[in-house]
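Number of protein chains: 2
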Amino acid sequence: MRDAIKHLRRTELIEATIRVIGRRGFSRTTLAHVAAEAKLSPGIVSFYFSSKEGLLHETLAHLAAEYEKTWTRSVRAVGDDPVAALDAMIEVDLGREVCVRGTVAVWVAFWAEMPGRPRYRVLCNELAERYFEQARRMCHEIARRGGYDDLDADTIARGLNAMIDGFWLDLMMDPKRFDRARAKRACRQFLAGVFPAEFGPLAAGAASGRRTG
Amino acid sequence: MRDAIKHLRRTELIEATIRVIGRRGFSRTTLAHVAAEAKLSPGIVSFYFSSKEGLLHETLAHLAAEYEKTWTRSVRAVGDDPVAALDAMIEVDLGREVCVRGTVAVWVAFWAEMPGRPRYRVLCNELAERYFEQARRMCHEIARRGGYDDLDADTIARGLNAMIDGFWLDLMMDPKRFDRARAKRACRQFLAGVFPAEFGPLAAGAASGRRTG
DNA sequence: GCGCTCATTGACTGATGATTCAATCAAATA
DNA sequence: TATTTGATTGAATCATCAGTCAATGAGCGC
Chain A
0 MRDAIKHLRR TELIEATIRV IGRRGFSRTT LAHVAAEAKL SPGIVSFYFS SKEGLLHETL
60 AHLAAEYEKT WTRSVRAVGD DPVAALDAMI EVDLGREVCV RGTVAVWVAF WAEMPGRPRY
120 RVLCNELAER YFEQARRMCH EIARRGGYDD LDADTIARGL NAMIDGFWLD LMMDPKRFDR
180 ARAKRACRQF LAGVFPAEFG PLAAGAASGR RTG
Chain B
0 MRDAIKHLRR TELIEATIRV IGRRGFSRTT LAHVAAEAKL SPGIVSFYFS SKEGLLHETL
60 AHLAAEYEKT WTRSVRAVGD DPVAALDAMI EVDLGREVCV RGTVAVWVAF WAEMPGRPRY
120 RVLCNELAER YFEQARRMCH EIARRGGYDD LDADTIARGL NAMIDGFWLD LMMDPKRFDR
180 ARAKRACRQF LAGVFPAEFG PLAAGAASGR RTG
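In structure tokens form, the structure reads like this:
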């Protein structure tokens, strides 16, 4: 089972990296810290990764893959109802699994390093692009079905997107001022304003506060 | 005028630091780069600042002071109309003076370093607190005057705040996907949903697209 | 148990970059 | 002009880390 252990160590190191960046910030993350966090010797990192840069890049890729997996899973689970799907996006992004302080701090750390690092930029922007495309499609679909003719669905999708990211920042900067339920409520309030029939107080279906996540 | 030159050099170095972080990211910003950017010798930095850490801290303080200055100025300028004031906040935060890619990138860089750096944390959170307090007050006031009784003004303020921050991230990550006018529109759309009489399409006053900024 | 293979260790090396400081230079003053 | 004061330089020093590698150890087949 040689491949298995290889995979295990790599994952351990990547997860240690995430914890260390979350705790110390990007600029003060050293390989020694990562190795110690993973309870391995300092030399091991270059054995499993081409370089520190390689480890960091794979850490970001890992983070992105994990996030995209949970996110697409939840959206698929609700079938083809765009209202429920949009609601599911809010639920996932601000839910207990994804919206965790340490993890969010690492996302912000990578975002902050994007200037001058094409690889990070490409990875993050491609993910953001796929994510936005979904949100956009849902908003268009809701507008179409609901007969909201003169509504700019792109802008709504961007706005929702931005609000969610902003709440991630809140969580990262000061967990005391972040309130999961309130964050979700604000997002739904925004959607209620533009799609009253679907998300407003009189909406029959998905988007009222059923969930507690 | 010895004090004048002292002040000048310090400002030059701080502004060079901002440019370098904006271009290279936090983790790859060295004193040599900063000095070169300011067209000064490498040794000079320790002459004007206690250490690299000191320079960075003062850079953040400078950034915060500048931001708060322009922001409070604009809000004060509109008098005591809370609708106009809230609108002015959007206008400033997403306007040409404040919402500049390089500067925003530096903000994000400092945010990302907040874990494990109490000084940054305190500075950023105190600023955020003052800012939020304003937004909160305006929302409450609008709700009170407009007779929106069962409206959670705090959540609205948080939501607006988050959306603006999220748009800053958009600008930083990919200027192509950021659109100043659209960002403002999304913010106003959110407010229109919760305060229709003040920000909605039928609102008489301030919040329709007068400005072009 | 014996040897083989591969994972792991941790001391070492070299590079990078913060910091120091003696020497230089320029401006102000006498 | 000579002197003094303080700004500025850049080479030298020192610390920190990434990356290397010979030595060790653990598991596995014989």
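Top to bottom, those sequences are chains A and B.
Going left to right, the first sequence walks through residues 0 to 212 as numbering that gives the first Met the number 0 numbers them.
Going left to right, the second sequence walks through residues 0 to 212 as numbering that gives the first Met the number 0 numbers them.
Even glycine gets a Cβ: it sits at the ideal position worked out from N, Cα and C.
Note that the structure is predicted; figures quoted are calculated from it, not measured.
{"Item": "Endpoints, the alpha helix (DSSP H) within which D92 of chain A is located", "Value": "P81 to D92"}
{"Item": "9 angstroms Cβ cutoff met for L93 of chain B and K183 of chain B", "Value": "yes"}
{"Item": "K38 of chain B to V103 of chain B span [Cα, whole Å]", "Value": "24 angstroms"}
{"Item": "For L170 of chain A and D178 of chain A, the rounded distance between their alpha carbons", "Value": "8 angstroms"}
{"Item": "F166 of chain A at chain B interface by Cβ criterion, 9 angstroms", "Value": "yes"}
{"Item": "Anticipated Cβ contact below 8 angstroms, G158 of chain B with F198 of chain A, distance rounded", "Value": "That belief does not hold up - the Cβ atoms of G158 of chain B and F198 of chain A are roughly 14 angstroms apart, past 8 angstroms."}
{"Item": "Residue-chain proximity (W110 of chain B, chain A), Cβ-Cβ < 9 angstroms", "Value": "yes"}
{"Item": "Burial state of L12 of chain A, where buried means 16 or more other Cβ atoms lie within 10 Å", "Value": "buried"}
{"Item": "For I141 of chain A and T16 of chain A, the rounded distance between their alpha carbons", "Value": "41 angstroms"}
{"Item": "Whether C123 of chain A touches A63 of chain A by CB criterion (9 angstroms)", "Value": "yes"}
{"Item": "Inter-residue CB distance, V97 of chain B and V105 of chain B (contact presumed, cutoff 8 angstroms)", "Value": "About 12 angstroms separates the two Cβ atoms, so there is no contact after all."}
{"Item": "Any chain A beta carbon closer than 9 angstroms to F25 of chain B", "Value": "yes"}
{"Item": "Distance CB(M172 of chain A)-CB(W167 of chain B) smaller than 9 angstroms", "Value": "no"}
{"Item": "Proximal chain B residues relative to F189 of chain A, where beta-carbon distance stays under 9 angstroms", "Value": "G158, M162, A185, Q188, F189, G192 and V193"}
{"Item": "Cβ-Cβ distance between A84 of chain A and Q133 of chain A below 9 angstroms", "Value": "yes"}
{"Item": "Reduced DSSP category for R18 of chain A - H, G, I as helix; E, B as strand; rest coil", "Value": "helix"}
{"Item": "Inter-residue Cα distance where the pair is E128 of chain A and A87 of chain B", "Value": "30 angstroms"}
{"Item": "CA nearest to the CA of G24 of chain B, picked from A:R75, A:L7 and A:P114", "Value": "A:P114"}
{"Item": "The segment 42-58 of chain B: positions lying closer than 9 angstroms to chain A by Cβ", "Value": "none"}
{"Item": "Within-9 angstroms CB hit, A202 of chain A to chain B", "Value": "no"}
{"Item": "Buried or exposed by the 16-neighbour rule on C-beta atoms within 10 Å, applied to L201 of chain A", "Value": "exposed"}
{"Item": "Member of B:R181, B:I163 and B:D148 whose CA lies at the smallest distance from the CA of F213 of chain B", "Value": "It is not possible to answer for residue 213 of chain B, since the shown part of chain B is limited to 0 through 212."}
{"Item": "For Y130 of chain A, the nearest candidate out of A:D151, A:R8 and A:A156 (CA to CA)", "Value": "A:A156"}
{"Item": "Assigned secondary structure, D151 of chain A (DSSP; H/G/I helix, E/B strand, else coil)", "Value": "coil"}
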